[in-house]
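To convert, take the position in the sequence shown, counting from 1, and add 1; that gives my numbering.
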Amino acid sequence: MDDLRDKYLGQIRDAADEGALEAVRLAAVGKKGEVALKMRELGRMTPEERQVAGPALNALKDEINSAIAARKAGLEDAALDERLRAEWLDVSLPTRARRQGTIHPVSQVTEEVTAIFADMGFAVAEGPQVEDDWYNFDALNIPGHHPARAEMDTFYMARQPGDNRPPHVLRTHTSPVQIRSMQATGAPTRMICPGRVYRADYDQTHTPMFHQVEGMAIDRDISMANLKWCLEEFCRAFFEVDGIELRFRASHFPFTEPSAEVDIRCSWEGGTLKLGEGDDWMEILGSGMMHPKVLQAGGIDPDEWQGFAFGMGIDRIAMLKYGIPDLRAFFDSDLRWLKHYGFGTLQVPTRHAG
Ligand code: DAH
């Protein structure tokens, strides 16, 4: 019995892998293994002999089995250690040089505008770019014959033959979102809506697609004074230039009464644009008190509520703030331009930094 133990425990210790270990297991404690054969001999023993040999054989079988289990665990650990050593990887190695993407000035400025108006309690709204004629025009007090329709250089969507309804349009401004927003929230309400707008126009300061941000505030006692304060507050926060100067110029829009256009003082001297100095004025937005018919179109009672609204060119204020001379370059996807005028991903909007 001692010989058997020594033999098999030795073989178990020396087994180099799981296959060898399994062979030892079969030879020792398998059905036809040496221990099993010895157990068969028990039948031929005297009861006294059997009383001694039986438990001893069982104990030997247990001992061999647990030695095999221990050796097996040891082999598995060693295999894992070996694998970990072989597959070792330095996770702190630098990655391949990254392609240098940048945030487009339009995205950056949209974020900045949103952050500033959010601080003043304006929610961000959205509307469709393919817009219903009624939302883009009629609801804004621009009826079918109105000259403003022609002035807008509208892109019309194709109509199914036989469909006599007015065609959908690519929205010419973000103002239709005023109507959608009133319908969605009722009064009082405060929202801005940044987004793409479309007009058939192309030169140094016009592209067929450009960006506006609409603003709207409706409450019981809103006045032109609130509008002026809001816009001045915005411009001071946005442009971050001492001595920013705004000019409110009486104007006309079908959807506001009274209406004002706002210009900002600037200089183009030497081809570079400077804000707050010079004798030039650049128009940056249209604004006014919302026309009663517009409030009505949005389902709001003009005898009870008043509101101001404005529409501002995002690309224009981006050009002004960051000194970008040609609007068309915004949409050329020229990598050199994007690298030069683009922003880093971690450059947070103006106000959030403070
Ligand atoms: N929708 C006008 C445009 O695209 C801009 C505008 C002017 C918007 C006056 C307004 C406003 O909300 O009150 O030219």
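We put the CB at the ideal spot given by N, CA and C, even for glycine. Small disclaimer: the values here were computed from a predicted structure and weren't measured.
Look at the stretch 149 to 234 and you find these whole runs of beta strand (DSSP E), each 3 residues long or longer: 190 to 199 and 210 to 220.
The C-beta distance from His105 to Glu132 rounds to 24 angstroms, too long to meet the 8 angstroms contact threshold.
Taking C-beta separations shorter than 8 angstroms and ignoring five residues to either side along the sequence, the partners of Leu321 in its chain run Phe240, Ile265, Cys267, Leu274, Leu276, Met283 and Ile285, following chain order. For the alpha helix (DSSP H) assignment, the uninterrupted runs of no fewer than 4 residues enclosed by the stretch 81 to 132 are, from N- to C-terminal side, 106 to 120.
Close CB contacts of Asp164 within its chain, under the 8 angstroms cut and outside five residues either way in sequence, are absent. Judged by the Cβ position, Thr257 qualifies as a neighbour of the ligand DAH at the 6 angstroms threshold, a heavy atom of the ligand being closer than this.
A residue is called buried once 16 or more other Cβ atoms fall within 10 Å of its Cβ, and Leu228 is buried on that count.
Ser288 has its Cβ nearer than 6 angstroms to a heavy atom of the ligand DAH. Around the beta carbon of Tyr157, fewer than 16 other beta carbons sit within 10 angstroms, so the residue counts as exposed. Per the C-alpha coordinates, the member of Arg45, Arg41, Asp280 and Ala79 positioned closest to Ala17 is Ala79. DSSP places Gly20 in the uninterrupted alpha helix (DSSP H) bounded by Glu19 to Val30. Nearest to Ile301 by C-alpha distance, out of Gly145, Pro259 and Ala185, is Ala185. Contact between Leu43 and Arg51 holds: CB atoms are separated by about 5 angstroms, below the 8 angstroms threshold.
Just measuring C-alpha positions, the residue of Gly287, Met225, Glu270 and Ser288 sitting nearest Asp280 is Glu270. Per DSSP, the unbroken alpha helix (DSSP H) holding Ile13 starts and ends at Asp3 to Asp15. Counting the other CB atoms within 10 Å of its CB gives Tyr203 a total below 16, which places it among the exposed residues. As the crow flies, the alpha-carbon of Gly31 is around 26 angstroms from that of Pro48. Going by beta carbons, Val114 and Val214 fall inside the 7 angstroms limit. In this structure, Arg191 places its C-beta atom within 7 angstroms of the C-beta atom of Phe123. In the DSSP assignment, Met291 falls within the beta strand (DSSP E) that extends over Asp281 to Met291. The closest heavy atom of the ligand DAH lies less than 6 angstroms from the beta carbon of His174.
Annotation: the continuous beta strand (DSSP E) that includes Val263 extends over Thr257 to Ser268.
In terms of Cβ geometry, Thr103 and Phe331 do not form a close pair [threshold 7 angstroms]. According to the DSSP assignment, His341 belongs to the alpha helix (DSSP H) that extends over Leu336 to Tyr342.
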